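Protein chains in written order, with the working numbering: chain A, 1 to 301; chain B, 1001 to 1301.
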């Protein structure tokens, strides 16, 4: 991303390249899936979204000096396949029972529970295979490619978002403390966001301490992102959000409930600053990542 | 497996080593999962079963001259994690809505739908990571290890069992032809069975034509296995099967419905013979695999 044009324009341009990579990914699955299951995958994967994880992955790759290549968008798209699976499953009746996602009916409302559950699960191996072939196309060493895929699998599994999502349900109806909330979101949102940056850095061949710094950046903006989500839920209508503000409706603990609106805003800013500091500490010049840390806190949906 | 003692004894001994490997796998997940989700994983993974896929994997590894190692059971256990995930999801209310599995309540009946869906999905990345570390412990080359994990991911995903399971639902209530039925089961059961043998052969360093022959063996006994399942559903009670004979209850197409009991038995025998022929064609001495082909057809549950 060139740092000359304003961030929003660059994000829109990046989003377009991510969409193209996602179209390619779905096209590959089209050769393997029955029509109805493919339709659910299309709905879940190509239904819009900020594409924050792929954009972070590409930004980390570029900040670490990875040579320009369309394949980095294929690598980045693997993250969005996992994110799409988690949203498809989250919205199911036995989970959040959400009718709305990104201003459209949730996947299971249009394609059925059974198909959505299957299609979501199918995205997990698809994402891992996609990351592997992208690494091969980028010319990553076998060891680097292994590390990239391991980062994706770990963030997608028991140690990552799945553990956190489950803890999310545990939290319904009872108040969590600040530490619990942080641990929960560290896994739910933070694991895949951190993996996005780590994967980009690994694929670019970054040294360990830079990879670690980008992981720390990712965990911090993951937390900032979640706090911003809580603030949006507390201050905006479903119309603007494109989803039901379900966290409040379900009585889940939120940062706003814990710290108040202004306290939550302050915590988000602190996390964003911590993210940027992690980059500075290893001397990484990454103006786009610095801007993205602010963007995550200031976003309006 | 030594070919001296009778097959049933050897299977029991192998099963025990597989159980130990599964215990190790669950133990690793115990460090990452919340207690309730771990309980669902325990229920789904350690709840008994024939452990056919792991045993086939180990048998292929040994037939291809892989040096004895406890790690081959860890590799084999990865297949059972995927199998367990598929059964946990299959039994859910939005799929088969099964109360009973292996003579016990199905996982979601004891641990809830939400937890079971999450725990099942968490087994997919866990299985891939488990296969990778087992390959490393076995000293596989990076290229071999990649091929082993790719075989597992492909069989677990859109091109394998997931596509087939979905087609399974499509088949409810309308009669499928023999070719459709074969295509369906080739994916539903055959993909993971074939991967079991392919993974064992790859890990042992077998040449391509032997790997391919073991894949063909796996697809053939996969079909024989499914036909035997249809025969068991048609002739036995839930008590003996340890599950509800749901395929008939749901009006699915079965081999017995298509070919009659005797016709189905004959087709199972033909597939078993085809499996054995695939091994002979490449000169692979594998007495245990030959016995297992018969076992799959003659099994009583």
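Think of the CB as a built atom: it goes at the ideal place given N, C-alpha and C, for glycine as much as any other residue.
Given the structure is predicted, the values throughout are model-derived calculations rather than measurements.
Is there at least one Cβ from chain A nearer than 8 Å to residue 1253 of chain B's Cβ? Within the second chain, numbered from 1, the residue matching residue 1253 of chain B stands at position 253. For residue 1253 of chain B, the answer is no, since every Cβ of chain A falls outside 8 Å of its Cβ.
Assign residue 1100 of chain B to one of three DSSP states: helix, strand, or coil. Against the second chain, residue 1100 of chain B aligns to sequence position 100. In the three-state reduction of the DSSP assignment, residue 1100 of chain B falls in the strand class, which pools E and B.
Would a check of beta-carbon distances place residue 11 of chain A closer than 8 Å to chain B? Residue numbering aside, residue 11 of chain A sits at position 11 when the first chain is read from its first letter. Cβ-Cβ to chain B under 8 Å: no for residue 11 of chain A.
Report all residues from its chain with a CB closer than 8 Å to the CB of residue 1042 of chain B; omit the five preceding and five following residues, and keep chain order. Here the question's residue 1042 of chain B lines up with position 42 in the second chain. Within the same chain, residue 1042 of chain B has close Cβ partners 1026.
So, helix, strand or coil for residue 105 of chain A, using DSSP? The residue given as residue 105 of chain A occupies position 105 in the first chain. It is a strand residue.
Look at the alpha carbon of residue 1136 of chain B and the alpha carbon of residue 87 of chain A, and state the distance between them as a whole number of angstroms. Translated into positions along the second chain, residue 1136 of chain B becomes position 136. Translated into positions along the first chain, residue 87 of chain A becomes position 87. Their Cα atoms are separated by approximately 33 Å.
Leaving out five residues before and five after residue 71 of chain A in sequence, what residues of the same chain have Cβ atoms less than 8 Å from its Cβ? Position 71 of the first chain, counted from the start, is the residue given in the question as residue 71 of chain A. In chain order, 134, 137, 138 place their CB closer than 8 Å to the CB of residue 71 of chain A, counting only its own chain and leaving out the 5 sequence neighbours on each side.
Beta-carbon within less than 6 Å of residue 224 of chain A's beta-carbon, same chain only, minus the 5 sequence neighbours each way: which residues are those? As a first step, residue 224 of chain A must be located in the first chain, where it is residue number 224. If we look at residue 224 of chain A and ignore the five residues flanking it on each side, its Cβ neighbours are 268, 271, 272, 296, 297.
How is residue 1191 of chain B classed by DSSP in three states: helix, strand or coil? Taking the second chain and counting its residues from 1, the one referred to as residue 1191 of chain B is at position 191. In the three-state scheme derived from DSSP, where H, G and I count as helix and E and B as strand, residue 1191 of chain B is classed as helix.
Along chain C, which residues have their Cβ under 8 Å away from the Cβ of residue 117 of chain A? Of the protein chains in this structure, namely A and B, none is chain C.
Can you tell which of A:39, A:206, A:232 has the C-alpha that lies nearest to the C-alpha of residue 282 of chain A? Here the question's residue 282 of chain A lines up with position 282 in the first chain. Looking at the Cα atoms, A:206 is the closest of the given residues.
In whole angstroms, what is the alpha-carbon distance linking residue 217 of chain A and residue 52 of chain A? The residue given as residue 217 of chain A occupies position 217 in the first chain. The residue given as residue 52 of chain A occupies position 52 in the first chain. Taking the straight line from one Cα to the other gives about 14 Å.
Using a beta-carbon distance below 8 Å, is residue 1070 of chain B in contact with chain A? Against the second chain, residue 1070 of chain B aligns to sequence position 70. Residue 1070 of chain B does not count as touching chain A.
Should the stretch 196-205 of chain A be called in touch with the stretch 143-154 of chain A, which here means at least 3 C-beta pairs below 8 Å? Yes, since at least three Cβ pairs between the stretch 196-205 of chain A and the stretch 143-154 of chain A fall closer than 8 Å, the two stretches touch.
Counted within 10 angstroms of its Cβ, other Cβ atoms place residue 215 of chain A as buried (16 or more) or exposed: Indexing the first chain from 1 puts residue 215 of chain A at position 215. Burial call: buried.
Is there contact between the stretch 1108-1126 of chain B and the stretch 1018-1037 of chain B, where contact requires at least three CB pairs shorter than 8 Å? Inter-segment contact for the stretch 1108-1126 of chain B and the stretch 1018-1037 of chain B is present: three or more beta-carbon pairs are separated by less than 8 Å.
Residue environment, residue 219 of chain A, which counts as buried when at least 16 other CB atoms sit within 10 Å: Position 219 of the first chain, counted from the start, is the residue given in the question as residue 219 of chain A. Residue 219 of chain A is buried by the Cβ-count criterion.
Can you tell me which of B:1144, B:1161, B:1254, B:1284 puts its alpha carbon nearest to the alpha carbon of residue 1209 of chain B? Here residue 1209 of chain B corresponds to residue number 209 of the second chain, with the count starting at 1. Cα-wise, what sits closest to residue 1209 of chain B is B:1284.
Is residue 121 of chain A close to chain B? Criterion is C-beta to C-beta, closer than 8 Å. In the first chain, the residue the question calls residue 121 of chain A occupies position 121. Yes, its Cβ sits closer than 8 Å to a Cβ of chain B.
Measuring only the C-alpha atoms, how far is residue 221 of chain A from residue 79 of chain A? The residue given as residue 221 of chain A occupies position 221 in the first chain. The residue given as residue 79 of chain A occupies position 79 in the first chain. If I take the Cα positions, the gap works out to 16 Å.
Looking only at its own chain, which residues have a Cβ that is under 7 Å from the Cβ of residue 1110 of chain B, when we skip the five neighbours before and after it? Residue mapping note: residue 1110 of chain B aligns to position 110 of the second chain, counting from 1. Excluding sequence positions up to five before and after residue 1110 of chain B, its CB lies within less than 7 Å of the CB of 1043, all in the same chain and listed in chain order.
Take residue 46 of chain A and list the residues in its own chain whose beta-carbon comes closer than 8 Å to its own, dropping the five residues that flank it on each side. Locating residue 46 of chain A in the first chain gives position 46, counting from the first residue. Cβ neighbours of residue 46 of chain A beyond the five flanking positions: 19, 22, 23, 26.
Opening and closing residue of the alpha helix (DSSP H) in which residue 276 of chain A lies: Here the question's residue 276 of chain A lines up with position 276 in the first chain. In this chain, the alpha helix (DSSP H) harbouring residue 276 of chain A covers 255-281.
Extent of the continuous alpha helix (DSSP H) to which residue 91 of chain A belongs: For this step, residue 91 of chain A is matched to residue 91 along the first chain. Premise fails: residue 91 of chain A is in no alpha helix (DSSP H) and is neither H nor E.
Rounded to a whole number of angstroms, what is the C-alpha to C-alpha distance between residue 30 of chain A and residue 1028 of chain B? Counted from its first residue, the first chain places residue 30 of chain A at position 30. Counted from its first residue, the second chain places residue 1028 of chain B at position 28. Going from the Cα of residue 30 of chain A to the Cα of residue 1028 of chain B covers about 35 Å.
Anyone know if the C-beta pair for residue 33 of chain A and residue 82 of chain A falls short of 8 Å? As a working note, residue 33 of chain A is residue 33 in the first chain. As a working note, residue 82 of chain A is residue 82 in the first chain. No, the Cβ-Cβ distance between residue 33 of chain A and residue 82 of chain A is not below 8 Å.
So which residues on chain B does residue 228 of chain A lean against when the C-beta distance must stay under 7 Å? Numbered from 1 along the first chain, position 228 holds the residue referred to as residue 228 of chain A. Those within 7 Å of residue 228 of chain A in chain B number zero; the least Cβ separation is about 25 Å.
Counted within 10 angstroms of its Cβ, other Cβ atoms place residue 1249 of chain B as buried (16 or more) or exposed: Stepping through the second chain from its first residue, residue 1249 of chain B is reached at position 249. Note that residue 1249 of chain B has pLDDT 48, beneath the 50 cutoff, so the model's placement of it is unreliable and no number is given.
Identify which residue in A:98, A:197, A:106, A:92 has its Cα closest to the Cα of residue 61 of chain A. The residue given as residue 61 of chain A occupies position 61 in the first chain. Cα-wise, what sits closest to residue 61 of chain A is A:197.
Can you tell me whether residue 1158 of chain B is helix, strand or coil according to DSSP? Taking the second chain and counting its residues from 1, the one referred to as residue 1158 of chain B is at position 158. The three-state secondary structure of residue 1158 of chain B, taken from DSSP, is coil.
So, helix, strand or coil for residue 1286 of chain B, using DSSP? Taking the first residue of the second chain as position 1, residue 1286 of chain B is located at position 286. It is coil, neither helix nor strand.
Check whether the Cβ of residue 977 of chain B lies closer than 8 Å to any Cβ atom in chain A. There is simply no residue 977 of chain B to check, as chain B begins at 1001 and stops at 1301 in what is shown.
By DSSP, does residue 1032 of chain B sit in helix, in strand, or in coil? As a working mapping, residue 1032 of chain B is identified with position 32 in the second chain. Three-state DSSP puts residue 1032 of chain B in coil, outside helix and strand.
Given that residue 1156 of chain B touches chain A, what residues does it touch there, using C-beta distances under 7 Å? Working through the second chain from its first residue, we reach residue 1156 of chain B at position 156. The answer, in chain order, is 125.
Quick check on this structure: which residue in B:1212, B:1155, B:1234, B:1096 has the alpha carbon closest to the alpha carbon of residue 1315 of chain B? Not covered by the structure: residue 1315 of chain B. The range shown for chain B is 1001 to 1301.
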